[in-house]
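Visitor: Provided herewith is a single structure, encoded as structure tokens, for subsequent inquiry.
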Amino acid sequence: MKIFVEWFGTACVTLKFGDSKLLFDPFLLRNEHASPSLMVNKEEILPVNGVFISHGHFDHITEAAWFAQNADVPVYCSKIAKKNILEWAKGELNENSAISLSEKAIDNIKAIDFGDTIQIDKDLEVEALKSCHIKFDARTILSRLFSKKFLKQAKTISKYGRSFPMGKVFGFHIKYKDKRILALGSLCIKYLEEWKKYSNCDLLFVPFAGNSKKHLTQKTLKLIYIIRPKILIPIHWDNFFPPLSQLEDVDYFIEIVKDEYPTIKTLKPAFQKEFSIEI
Numbered sequence: 048m049k050i051f052v053e054w055f056g057t058a059c060v061t062l063k064f065g066d067s068k069l070l071f072d073p074f075l076l077r078n079e080h081a082s083p084s085l086m087v088n089k090e091e092i093l094p095v096n097g098v099f100i101s102h103g104h105f106d107h108i109t110e111a112a113w114f115a116q117n118a119d120v121p122v123y124c125s126k127i128a129k130k131n132i133l134e135w136a137k138g139e140l141n142e143n144s145a146i147s148l149s150e151k152a153i154d155n156i157k158a159i160d161f162g163d164t165i166q167i168d169k170d171l172e173v174e175a176l177k178s179c180h181i182k183f184d185a186r187t188i189l190s191r192l193f194s195k196k197f198l199k200q201a202k203t204i205s206k207y208g209r210s211f212p213m214g215k216v217f218g219f220h221i222k223y224k225d226k227r228i229l230a231l232g233s234l235c236i237k238y239l240e241e242w243k244k245y246s247n248c249d250l251l252f253v254p255f256a257g258n259s260k261k262h263l264t265q266k267t268l269k270l271i272y273i274i275r276p277k278i279l280i281p282i283h284w285d286n287f288f289p290p291l292s293q294l295e296d297v298d299y300f301i302e303i304v305k306d307e308y309p310t311i312k313t314l315k316p317a318f319q320k321e322f323s324i325e326i
């Protein structure tokens, strides 16, 4: 069975199943120093049947209001994430983000909770899982706080942190016919016991950011040990908003996975280039 995937950096991914298309964690903002740069118009992503937000941080929500208003697409997120989306749409942090939302658009942004299941069509459904956000390790924190670029932009950067509380964190279990996909917006190993029922899934999207290379690899291997996906795609490893971010060494991680789990097919996604997968 063939599905189509396109990665736009961070945890922003589209999945196309037949005539239905899902968008996860829509973040297309990226600053001028981001690498790689993103060359896409939101209209090019349409049509979309549903938008799913893993948590309320700015790098997961900035385009959500646009899809709710201009594409009349339902956006599924936590109550806190909905509040963040509505605040972002006011344009107070970034005047270019201002968008006037109709009552219908506001209603399109739908608060969900752990365990909720959204039926997209007769063959496609998405379950919201209880997940968590990676805890930044000391090396990651210190490397950001004491960089010259961070210190120069500290006032601006701090606004993005304070204005976007995380709220509840979701993972998403996608069922398409007899296939199963697990998509995470942040690396989480807190609920591995609960997630055992999703083991041997057909595809796992795993974010690779927020810790040192060593700790990221260790934590991700713990997740893989439980989930044992047939196919693994690492995401969120790009330098999406420096100096808050950096390019992660995903090639190192991929080689480790190939050595330890040779039966798992690990794919490094090309940036902003749709590709097909047989699952």
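For the sequence shown, the working numbering assigns the number 48 to the initial residue and increments by one for each residue that follows. Think of the CB as a built atom: it goes at the ideal place given N, C-alpha and C, for glycine as much as any other residue.
#1: From residue 175 to residue 142, what distance separates their C-alpha atoms?
#2: By how many angstroms is the C-alpha of residue 274 removed from the C-alpha of residue 246?
#3: Short of 6 Å in beta carbon distance, which residues of its chain neighbour residue 125, apart from the five on each side in sequence? Order them along the chain.
#4: Report the three-state DSSP secondary structure of residue 117 (helix, strand or coil).
#5: Between the alpha carbons of residue 258 and residue 154, how many angstroms are there, rounded?
#6: Provide the residue span of the beta strand (DSSP E) that contains residue 54, from first to last.
#7: Cutting at 7 Å between CB atoms, please list the residues of its own chain near residue 104, excluding the five before and the five after it.
#8: For the putative contact between residue 283 and residue 58, defined by C-beta atoms under 8 Å, what is the C-beta separation to the nearest angstrom?
#9: Whose C-beta lies closer than 6 Å to the C-beta of residue 181 among residues of the same chain, with five residues either side of it excluded?
#10: Less than 8 Å between the beta carbons of residue 285 and residue 83, yes or no?
#11: Taking C-beta to C-beta, are residue 63 and residue 50 nearer than 8 Å?
#12: If you reduce the DSSP assignment to three classes, tell me which class residue 325 lands in.
#13: Quick test of your reading: residue 146 and residue 128, contact by CB under 8 Å. State the CB separation rounded to the nearest angstrom.
#14: Give the single residue among 272, 70, 301 and 288 whose Cα lies nearest to the Cα of residue 167.
#15: DSSP three-state call for residue 293: helix, strand or coil?
#16: Please determine, among 281, 263, 319 and 123, the residue with the shortest C-alpha to C-alpha distance to residue 252.
#17: Could you check what DSSP says for residue 67 in three-state terms: helix, strand or coil?
#18: Output yes or no for whether 8 Å exceeds the beta carbon distance between residue 236 and residue 230.
#19: Measure the alpha-carbon distance for residue 296 versus residue 302 and round it to whole angstroms.
#20: Give me, in chain order, the residues of the same chain whose beta-carbon lies closer than 8 Å to that of residue 164; leave out the 5 immediate sequence neighbours on both sides.
#21: On the DSSP letters alone, give me the boundaries of the beta strand (DSSP E) that residue 269 sits inside.
#22: Residue 153 lies in the beta strand (DSSP E); which residues open and close that run?
#23: So, residue 271 versus residue 263, is the Cβ gap smaller than 8 Å?
#24: Under a three-way DSSP split, which group does residue 122 fall into?
#25: Across which residues does DSSP place residue 60 in a beta bridge pair?
#26: Can you give the Cα-Cα distance for residue 119 and residue 261, rounded to whole angstroms?
Guide: The answer reads as follows:
#1: The count along the sequence shown starts at 1 and reaches residue 175 at position 128. The count along the sequence shown starts at 1 and reaches residue 142 at position 95. Straight-line Cα distance between these residues: approximately 32 Å.
#2: For this step, residue 246 is matched to residue 199 along the sequence shown. For this step, residue 274 is matched to residue 227 along the sequence shown. A straight line joining the alpha-carbon of residue 246 with that of residue 274 spans about 4 Å.
#3: Your numbering for residue 125 matches position 78 in the sequence shown. Excluding residues within five positions, the ones whose Cβ falls inside 6 Å are 214 and 215.
#4: By 1-based counting over the sequence shown, the position of residue 117 is 70. Three-state DSSP puts residue 117 in a helix.
#5: As a first step, residue 258 is located in the sequence shown; it is residue number 211 there, counting from the start. As a first step, residue 154 is located in the sequence shown; it is residue number 107 there, counting from the start. If you take the alpha carbons of residue 258 and residue 154, they lie about 36 Å apart.
#6: Taking the first residue of the sequence shown as 1, we reach residue 54 at position 7. Per DSSP, the continuous beta strand (DSSP E) segment holding residue 54 begins and ends at 49–54.
#7: Indexing the sequence shown from 1 puts residue 104 at position 57. If we look at residue 104 and ignore the five residues flanking it on each side, its Cβ neighbours are 211 and 213.
#8: Position 236 of the sequence shown, counted from the start, is the residue given in the question as residue 283. Position 11 of the sequence shown, counted from the start, is the residue given in the question as residue 58. So it is a contact: roughly 5 Å between Cβ atoms.
#9: By one-based count along the sequence shown, residue 181 stands at place 134. Excluding positions up to five away in sequence, the list reads 233, 234 and 257.
#10: As a first step, residue 285 must be located in the sequence shown, where it is residue number 238. As a first step, residue 83 must be located in the sequence shown, where it is residue number 36. Yes, these two residues count as a Cβ contact at 8 Å.
#11: Here residue 63 refers to the residue found at position 16 when the sequence shown is read from its first residue. Here residue 50 refers to the residue found at position 3 when the sequence shown is read from its first residue. For residue 63 and residue 50, yes; Cβs fall inside 8 Å.
#12: Position 278 of the sequence shown, counting from 1, holds the residue named residue 325. Residue state, collapsed to three classes: strand.
#13: Taking the sequence shown and counting its residues from 1, the one referred to as residue 146 is at position 99. Taking the sequence shown and counting its residues from 1, the one referred to as residue 128 is at position 81. Contact doesn't hold; Cβ gap of about 16 Å is too wide.
#14: The residue given as residue 167 occupies position 120 in the sequence shown. Taking only the C-alpha atoms, the option nearest residue 167 is 70.
#15: Start at 1 with the first residue of the sequence shown, and residue 293 comes out as number 246. Residue state, collapsed to three classes: coil.
#16: Numbered from 1 along the sequence shown, position 205 holds the residue referred to as residue 252. It is 281.
#17: Stepping through the sequence shown from its first residue, residue 67 is reached at position 20. DSSP places residue 67 in strand when its eight states are reduced to three.
#18: Counted from its first residue, the sequence shown places residue 236 at position 189. Counted from its first residue, the sequence shown places residue 230 at position 183. Their beta carbons are not under 8 Å apart, which means residue 236 does not touch residue 230 by this criterion.
#19: Residue 296 sits at position 249 when you count from the first residue of the sequence shown. Residue 302 sits at position 255 when you count from the first residue of the sequence shown. Cα-Cα distance, rounded: 11 Å.
#20: For this step, residue 164 is matched to residue 117 along the sequence shown. The answer, listed in chain order, is 172, 173, 174 and 175.
#21: One-based indexing of the sequence shown puts residue 269 at position 222. No beta strand (DSSP E) contains residue 269, which is instead part of the alpha helix (DSSP H) from 260–274.
#22: Within the sequence shown, numbered from 1, the residue matching residue 153 stands at position 106. Where residue 153 is concerned, there is no enclosing beta strand (DSSP E), although the alpha helix (DSSP H) it sits in stretches over 150–155.
#23: Position 224 of the sequence shown, counting from 1, holds the residue named residue 271. Position 216 of the sequence shown, counting from 1, holds the residue named residue 263. Not in contact: residue 271 and residue 263 (Cβ atoms no closer than 8 Å).
#24: Here the question's residue 122 lines up with position 75 in the sequence shown. DSSP places residue 122 in strand when its eight states are reduced to three.
#25: As a working mapping, residue 60 is identified with position 13 in the sequence shown. DSSP lists 54 and 71 as partners of residue 60.
#26: Position 72 of the sequence shown, counted from the first residue, corresponds to residue 119. Position 214 of the sequence shown, counted from the first residue, corresponds to residue 261. Answer to the nearest angstrom: the Cα atoms are 43 Å apart.
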